[in-house]
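Residue numbers for the sequence shown follow the UniProt record's numbering, so the first one is 1 and each next one is one higher.
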Amino acid sequence: MLGGDFNGDDRLDIGLWSNGVWTIRYGDGAGAFGNQTTYTWTAQPGSRVLVEDYNGDGKDDIGVWQSDGSLFVRYGHGDGQFGVADQTQTHWAQPPGPSTAGDYDGDGLSDLAAWTGTAWSLRRGTGSGTFTAARTMAPPPGNGTPLMTDVDGDGRDDLVVWAQTGGEWTVRYNTTPDP
Ligand SMILES: [Ca+2]
Ligand SMILES: [Ca+2]
Ligand SMILES: [Ca+2]
Ligand SMILES: [Ca+2]
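Right under this line is the structure:
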């Protein structure tokens with residue numbers, strides 16, 4: 001389940017992704033989620049969905065990272081619509097593992113962090129739905145459930161990882177500019 005504002009009314013909506021079926025339930029701002037829109041897209045089993053604003057236009061978009069390593073981004077129109085024509089596709093060798101999106105370098109464009117099996121890698125968004133080459137970040141943190149959010153309020157998202165083993169949160173603060 002993923003949160004975002006998909007129709008541009010400044011109220012949180014909920015998105016559910018299940019085997020290529022993307023369902024949005026629109027929030028009324030009072031805790032209820034009534035009306036819904038459903039899309040069926042061709043996507044491989046095991047795909048992961050990351051909701052972010054990938055092109056920096058202030059409207060939430062949907063990134064679908066497929067099991068063959070391809071990532072397609074469908075751009076939101078801000079009215080709940082996601083045009084078929086409005087998408088970009090990138091192909092990586094890496095299949096989707098634990099991953100999260102946020103603005104790690106604070107340039108206003110969404111970046112992706114993904115677990116490679118031994119470390120977290122960061123791909124910085126270019127604002128056109130594509131990403132720079134992966135840069136490996138030495139552990140810690142190790143593997144776990146990731147989240148990108150600005151923990152220390154400096155305007156750059158930090159990488160937060162929940163490790164079930166040991167029940168620990170680890171925060172990697174973004175304290176230095178990325179090369
Ligand atoms: Ca909304
Ligand atoms: Ca967008
Ligand atoms: Ca960024
Ligand atoms: Ca921060």
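Every residue, glycine too, gets a C-beta built ideally from N, C-alpha and C.
Return the Cβ separation of K59 and G8 in integer angstroms, given the expectation that the two are a contact with Cβ distance under 8 Å. 7 Å
My output table needs one value for P179: the three-state DSSP class, helix, strand or coil. The predicted model places P179 with a pLDDT of 48, which falls under 50 and marks its position as unreliable, so this point remains unresolved.
Taking the Cβ atom as the reference point for each residue, do F6 and G80 lie within a distance shorter than 7 Å? yes
Compute the distance between the beta-carbons of T136 and A119, then report whether it is under 7 Å. Yes, the Cβ-Cβ distance between T136 and A119 is below 7 Å.
For T170 and P141, the rounded distance between their alpha carbons: 6 Å
Can you tell which of P139, I62, T38 has the C-alpha that lies nearest to the C-alpha of T116? P139
Residue span of the beta strand (DSSP E) that contains Y173, given as start and end: Per DSSP, Y173 belongs to no beta strand (DSSP E) and is neither H nor E.
Neighbourhood of ligand 4 [Cβ distance below 5 Å to any heavy atom], ordered by chain position: Listed along the chain, these residues meet the criterion: D150, D152, D154, R156, D158.
Tell me whether the beta-carbon of I24 lies closer than 7 Å to the beta-carbon of T37. yes
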